[in-house]
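Undergrad: Residue numbers (the numbering used here): 4 to 191.
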């Protein structure tokens, strides 16, 4: 099997696993049948997991369609393996790099989840974005830093200002508390 076909199959397996997680968000959010009280804005404690699960399923569908499209293109271009040894080595190097990046993303996600309670959303998110930019090979640190700060600020405004999530800052995260106070002052 061609290496690009193998990579697309791995992408499809990843999409299937993500779909299982997304479906689990709908199925296992209230396994004991607890009462659901509607809160401010018509939201309940179930709303956010349902929104996240729905978004995950939509993005997973886009990812799976992209992988299927790339798989069909790779199969059309598949040819007998007559590549020179140098070409095979570069394919192996690319696969190792891809696997290292996957492991780094998993590790970054775990560390992000552990950092959230201590350092809060407003500080942890730009750090995560900056590190992920480096993991995926973007070299310009200044541009990465600016993009991470802007992306983190937009996400914070979305979650705190638009969705009104009760994100609390801790001692190590005065920024989340300050942004929440600012949003309340602005009437958000």
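Glycine included, every Cβ here is placed at the ideal spot set by N, Cα and C. Computed from a predicted model, the values in this text were never measured in an experiment.
1. Helix or strand or just coil, what does DSSP make of residue 40?
2. Would residue 150 and residue 162 qualify as a contact pair, given that the criterion is a beta-carbon distance under 8 Å?
3. Grouping DSSP H, G and I as helix and E and B as strand, with all else coil, what is residue 141?
4. Please report the Cβ distance between residue 118 and residue 138, rounded to the nearest whole angstrom; I am assuming they are in contact, meaning their Cβ atoms lie under 8 Å.
5. Is residue 166 helix, strand or coil by DSSP?
6. Determine the extent of the alpha helix (DSSP H) in which residue 26 is found, giving its start and end residues.
7. Looking at residue 47 and residue 40, is the spacing between their C-beta atoms short of 8 Å?
8. When the Cβ atoms of the region 11 to 23 are set against those of the region 62 to 75, are three or more pairs found closer than 8 Å?
9. Return the first residue and the last residue of the alpha helix (DSSP H) that residue 68 is part of.
10. At the level of alpha carbons, what is the spacing between residue 56 and residue 22?
11. Determine, using beta carbons only, whether residue 147 and residue 133 come nearer to each other than 8 Å.
12. Could you tell me the alpha carbon to alpha carbon distance between residue 122 and residue 129, rounded to whole angstroms?
13. Quick one: is residue 54 buried, meaning 16 or more other Cβ sit within 10 Å of its Cβ, or exposed?
14. Which one of 69, 42, 102 has the shortest CA to CA distance from residue 18?
15. Confirm, please, whether the CB-CB distance from residue 28 to residue 52 is below 8 Å.
16. Sorted by chain position, which residues of the same chain lie with C-beta nearer than 8 Å to residue 142's C-beta, five sequence neighbours on each side aside?
17. If we define contact as Cβ-Cβ less than 8 Å, is residue 146 a contact residue for chain C?
18. Using the three-state DSSP reduction, which class does residue 47 fall into: helix, strand or coil?
19. Given a cut-off of 8 Å on the beta-carbon distance, is the pair residue 64 and residue 15 in contact?
TA: Walking through what the data contain:
1. Start at 1 with the first residue of the chain shown, and residue 40 comes out as number 37. Look at residue 40 here: in three-state DSSP terms it is coil, with no helix or strand label.
2. Within the chain shown, the letter at position 147 stands for residue 150. Within the chain shown, the letter at position 159 stands for residue 162. For residue 150 and residue 162, no; Cβs fall outside 8 Å.
3. Indexing the chain shown from 1 puts residue 141 at position 138. Note: residue 141 maps to coil in three-state DSSP.
4. Position 115 of the chain shown, counted from the start, is the residue given in the question as residue 118. Position 135 of the chain shown, counted from the start, is the residue given in the question as residue 138. Contact flag wrong, Cβ pair sits at about 16 Å.
5. Walking along the chain shown from the start, residue 166 turns up at place 163. The DSSP-derived three-state label of residue 166 is coil.
6. One-based indexing of the chain shown puts residue 26 at position 23. Looking at the DSSP string, the run of the alpha helix (DSSP H) that includes residue 26 is 6 to 30.
7. Start at 1 with the first residue of the chain shown, and residue 40 comes out as number 37. Start at 1 with the first residue of the chain shown, and residue 47 comes out as number 44. Against a cut-off of 8 Å, the Cβ pair of residue 47 and residue 40 comes out as a contact.
8. A contact exists between the region 11 to 23 and the region 62 to 75.
9. Indexing the chain shown from 1 puts residue 68 at position 65. Element bounds for residue 68: 50 to 80.
10. For the purposes of this step, residue 56 is taken as residue 53 along the chain shown, with counting starting at 1. For the purposes of this step, residue 22 is taken as residue 19 along the chain shown, with counting starting at 1. In this structure, the CA atom of residue 56 is about 9 Å from the CA atom of residue 22.
11. By 1-based counting over the chain shown, the position of residue 147 is 144. By 1-based counting over the chain shown, the position of residue 133 is 130. Yes, these two residues count as a Cβ contact at 8 Å.
12. Within the chain shown, residue 122 is the residue found at index 119, counting from 1. Within the chain shown, residue 129 is the residue found at index 126, counting from 1. So the alpha carbons of these two residues sit roughly 11 Å apart.
13. Counting from one through the chain shown, the residue named residue 54 turns up at place 51. Per the 10 Å Cβ criterion, exposed.
14. For the purposes of this step, residue 18 is taken as the residue at position 15 of the chain shown. Comparing Cα-Cα distances from residue 18 to each of 69, 42, 102, the minimum goes to 69.
15. Residue 52 sits at position 49 when you count from the first residue of the chain shown. Residue 28 sits at position 25 when you count from the first residue of the chain shown. Yes, Cβ-Cβ distance for residue 52 and residue 28 is below 8 Å.
16. Within the chain shown, residue 142 is the residue found at index 139, counting from 1. Nothing meets the Cβ criterion.
17. Annotation note: the requested chain C is absent from the structure, which comprises a single protein chain.
18. Taking the chain shown and counting its residues from 1, one reaches residue 47 at position 44. The answer is coil: DSSP assigns residue 47 none of H, G, I, E or B.
19. By 1-based counting over the chain shown, the position of residue 64 is 61. By 1-based counting over the chain shown, the position of residue 15 is 12. Note that the C-beta distance between residue 64 and residue 15 is not below 8 Å.
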